[in-house]
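Note sheet for the following structure.
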Amino acid sequence: MTQVIVAASTLLKREHLKDNLDMGMAMTMKMEILQQHPELRRMICHACQTRSFSQIADLEIFQIPQACDSPARSARDEDRPDFPYDPFVRPYIGKAVDGFYEYLKTNNMKFKGNGLERPYYAKFCSIVQSSGTGKSRLMTELRNKGVIVLYMNLRDPVDPGFPMRDLVPARILTEDMGCTRAEYAARCFAFFSAIFQTLEQDLTSKLPRLCSGSPDPAIKPWNDEMCNMRSEARTEFFQKVQYQYEETLSKIMASKLEGKSFVKKSYDDMLRVLQRIFTEKAKVSNNDNDPKLVIAFDEANPLNNMSIKGFRPSHILGRTINCYSQDNDAPVWVVFASTTSQVADFSAPQVIHDSLRVAVAGQLVYPPYTHLGWDQNADPLSNISANNVASFDHIVGFGRPLWKSLVEKCVIAGILKLAAQKLCKSKIFDPSDTNQALAALSQRFRLDICFSHPDAVSYLEKAVASHLRICFSTTKDRMWAFTGYPSEPLLSCVAAILLHGMPDNLEIALRVLKRKVDGGMVEIGQSGELASRLLLLLAKDLFIRQDPSAGVIQDLHYNGSGDAELIDCQKVSVIDFLEYLFGKTFWSRSVEGKTAFQHAYINFSHWVPMTEFISPRVPDQTDANSPSARCTSEEWTLRHWHRTSAVQCCRLQPLVDKMIPIYFDDPVLGSEDINHVSQMFISDKAGKNCNEQDLGFITRKHDSIQCLSKLPYIALLLDLNANPKLNVTFPKKEPNHVETDQCLRIYASGISETTFPFLQKHWRVAEELRGLVPRQKEVPSQTTLEALVRFGSTARLRNLQWEAQDA
């Protein structure tokens, strides 16, 4: 027995389960433990023979107590205060479910097509999005749109997340994958047959309760029970599915049939009941596209793993769904949801080939749904004072809904640790790990990924699946996804805590970034934009950590009240910050300027990109209901202040490249926060020649900016590749000048201790920053070749000088 346990332990370690299973328990088990669990001997032997360890992993004795997001799988623990059940019962906020409903409705219309053949392969689609965005809740919330929802979770047995794994469907579809393709197909046919038979039985029992004109009184109680992750009804339903599955599978195997007839008959029988339920309300017909039934598979990524027999379960599942749905227009859908983009690759051509992304014979699969919403829990602009925006209670409302949903059930430390663990996909931040370092840096500093780089696709897919990067959209062929880190200040604070948690973390992470820049995967910008973003925000990071305020949230272990301020969102005096950035003698160059900004503050914790001018020319911007309507410059600035974000302007923006919000905490300006805002505009330069003369041309009155105010503002020109120099001017206000206010103009060149004295204590950081200003000396050959084939696309030498390839 000892040898068997050791062998099982080796398997468990080999599958990287040691972080989730108590290996000490496995190695020191006594005979009395085995006697308490007589099934354990059989399970261990089975694991050694088949390399399938999921049944062992499900045993309670192997489990390590988890954090608030990781409940044990036992009914007696469901009353624990940290059980993550609240997000599924608190009121649903946002319009994502409406968008998904329309997505399914549109898919049904597309499925019918206009010709003799259907353009789409089968009635299944996918949801792809990062963790914590509300995928699970989105699917169950369809029940409140009148849709019958059968939700199933297929997460890995060692994944302690919530909703928990549904054992019956998960074991049928994802375990014992040593079977042949035909055997797995029989399992799929039997499983869907069992699902339809059980649905038919359950729904038939609701028919006597139908009321004229609406099926809701009949199906709503069933829906609510089946979407309640604690209900006994779910357990009973899947027990019936298990019984029907075993019975149907035995018939398929005994008759040596493929199983198509079984699933088609059970589907047709179920549809007849479904039609009777919805007849009074919608008159279900071939022209009715409103979704009626959704069979949802959450955490479906295990279905895309290659089996040892050389097939992917997803392909067989797709063919099963095609079998029963290809000749029927009923709005019944199967939805696969996951953080991984591979869940969208459930194509099933007649001849399966793993390199195919679209089914052959012109049959298509639907692009994934990605629009789950953002900022659903954010405070309205008018509900909080500009002086209180750094509080945890305010910041936690921005971004994905997960953070706010945990506030009532978890202490602040639990939420911060969960965010850090999800960002890193690790309990401990390792700055030398490429994916972890890039995740922490990308979230705050907006790293631009070069799409043509050979590693770009795999990096972005992994970042969405494992590091909280958001998928904005995908191309129709699903070959490319557009992704990024939207503004999410709580996650920015967590990333900052990780980067500054240990003395060497920041330097190590920057070295990882430098390698990716040298390799061509990360863009530095045409004018040193990346180095500028790093320099300014890191300077603020280092400044606020010199002497933090008492009671401020500065690590992941804070357990105080939610009105405490996050250190990276606190307002910082402009006078103190510029003195730290440029040296103690800075304000001696402009005493008047110091007086003008004595009440001014900044608070940025991360950068967000723009895709058009600050003030674009649009004809209907006065129409508040128009998609192109523009808010006032004051509101634009104040909204960035409220979420502690600074702006990276679009590449074609004239005069300036960045904007940092400034807030004047001066009671003389009145009670309206919108009258207290101004800006710091930054222009980036990365050439060898001095560009100081350009500083005088920066004005916020330009047509593309239009940020007028009676308050002074700052114009900063960073000439980071030129010789070190610092110059400051603050001209007196001229009555007849075109400007209506005063501007503190700062010219700062060279990343050196002369211009930026704070770098003297952080010389290794300075070295890494200097390496990010000029473009890499040796451009990788693939990048060079790609640039040459795009001749004329830009005026750069790399897109024009074909002779360069011979150099």
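Its first residue numbered 510, the sequence shown is counted upward by one per residue in my numbering.
Don't be surprised by glycine CBs; every beta carbon is placed ideally from N, CA and C.
What you are looking at is a predicted structure, and each value in this text was computed from that prediction instead of being measured.
Does the distance from the CB of residue i to the CB of residue j come in under 8 angstroms?
i: H1115; j: R953; result: yes
i: M1030; j: D964; result: yes
i: I1062; j: I1255; result: no
i: S1124; j: S1213; result: yes
i: F633; j: W912; result: no
i: I825; j: Y693; result: yes
i: Q885; j: I602; result: yes
i: Y833; j: Y754; result: no
i: I728; j: I657; result: yes
i: S914; j: D1072; result: no
Any idea if residue i is buried or exposed, counting beta-carbon neighbours within 10 angstroms, 16 or more meaning buried?
i: M1011; result: exposed
i: F1300; result: exposed
i: M738; result: buried
i: V772; result: buried
i: K818; result: exposed
i: F991; result: exposed
i: E587; result: Bear in mind that a pLDDT of 35 at E587, under 50, signals an unreliable position, so the number given afterwards is only what the model happens to contain. Burial call: exposed.
i: H976; result: buried
i: F960; result: exposed
i: T615; result: exposed
i: H1185; result: buried
i: A497; result: Missing from the structure shown is residue 497; the chain here goes from 510 to 1316 and no further.
i: H1352; result: No information on residue 1352 is available, as it lies outside the stretch 510 to 1316 that the chain covers here.
With residue i as the anchor, note down where its beta strand (DSSP E) starts and where it stops.
i: Y1067; result: It is not in any beta strand (DSSP E) - Y1067 carries neither H nor E in the DSSP assignment.
i: N1236; result: K1234 to T1238
i: C1252; result: C1252 to S1258
i: N662; result: I657 to N662
i: Q1215; result: It is not in any beta strand (DSSP E) - Q1215 carries neither H nor E in the DSSP assignment.
i: F1267; result: Counting along the chain, F1267 falls outside any beta strand (DSSP E), and DSSP gives it neither H nor E.
i: D1193; result: V1186 to K1194
i: V843; result: V841 to S847
How far does the alpha helix (DSSP H) with residue i in it extend, from its first residue to its last?
i: D607; result: A605 to K621
i: K644; result: K644 to E650
i: I704; result: R690 to T713
i: D1050; result: E1038 to I1053
i: F1086; result: V1083 to F1091
i: V1177; result: No alpha helix (DSSP H) holds V1177; DSSP gives it neither H nor E.
Just to confirm my understanding: we take residue i, look at its own chain, exclude 5 residues before and 5 after, and list those with CB closer than 6 angstroms. What are they?
i: I1169; result: I1111, F1113, A1155 and M1189
i: L613; result: P800 and W842
i: L1309; result: none
i: S794; result: Confidence is the limiting factor: at S794 the pLDDT is only 44, short of 50, which leaves the residue's position unreliable and the question unanswerable from this model.
i: A805; result: M648, Y660 and V844
i: E1277; result: L1019 and K1023
Taking only three categories from DSSP, how would you classify residue i?
i: L956; result: coil
i: P1163; result: coil
i: A576; result: Note on A576: pLDDT 40, under 50, position unreliable in the model; the coordinate value appears next. Coil.
i: M1030; result: coil
i: M833; result: The question names Met, but residue 833 in the sequence shown is Tyr. Note: Y833 maps to helix in three-state DSSP.
i: L1317; result: Outside the displayed span of the chain (510 to 1316) sits residue 1317, for which this structure offers no information.
i: S982; result: strand
i: P1118; result: strand
i: Y1222; result: strand
i: C634; result: strand
i: M738; result: coil
i: G993; result: strand
i: W731; result: helix
i: S1154; result: strand
i: Y776; result: helix
i: E1074; result: strand
i: Y754; result: helix
i: V515; result: Note that V515 scores a pLDDT of 47, beneath 50, so its modelled location is shaky; the value from the coordinates is reported in the next line. Correct three-state label for V515: helix.
i: P1169; result: Per the sequence shown, the amino acid found at residue 1169 is Ile instead of Pro. Reduced to three states, the DSSP call for I1169 is strand.
Leaving aside the five residues before and after residue i along the sequence, list all residues of the same chain whose C-beta is less than 7 angstroms from its C-beta, in chain order.
i: M618; result: N798
i: N498; result: Since the first residue of the chain shown is 510 and the last is 1316, residue 498 is not available in this structure.
i: L1000; result: G908, A928, L932, Q952 and L977
i: R646; result: P596, F597 and Y601
i: R696; result: I681 and L758
Within its chain, find whatever has a CB closer than 8 angstroms to the CB of residue i; leave out the 5 residues flanking it on each side and keep chain order.
i: A972; result: N944, L947, A948, S951, R978 and T992
CB of residue i to nearest heavy atom of the ligand HEM: below 7 angstroms?
i: F700; result: Among the components modelled here there is no ligand, and therefore nothing to report on the ligand HEM.
Is there a Cβ of chain B sitting closer than 8 angstroms to that of residue i, yes or no?
i: L1253; result: Annotation note: the requested chain B is absent from the structure, which comprises a single protein chain.
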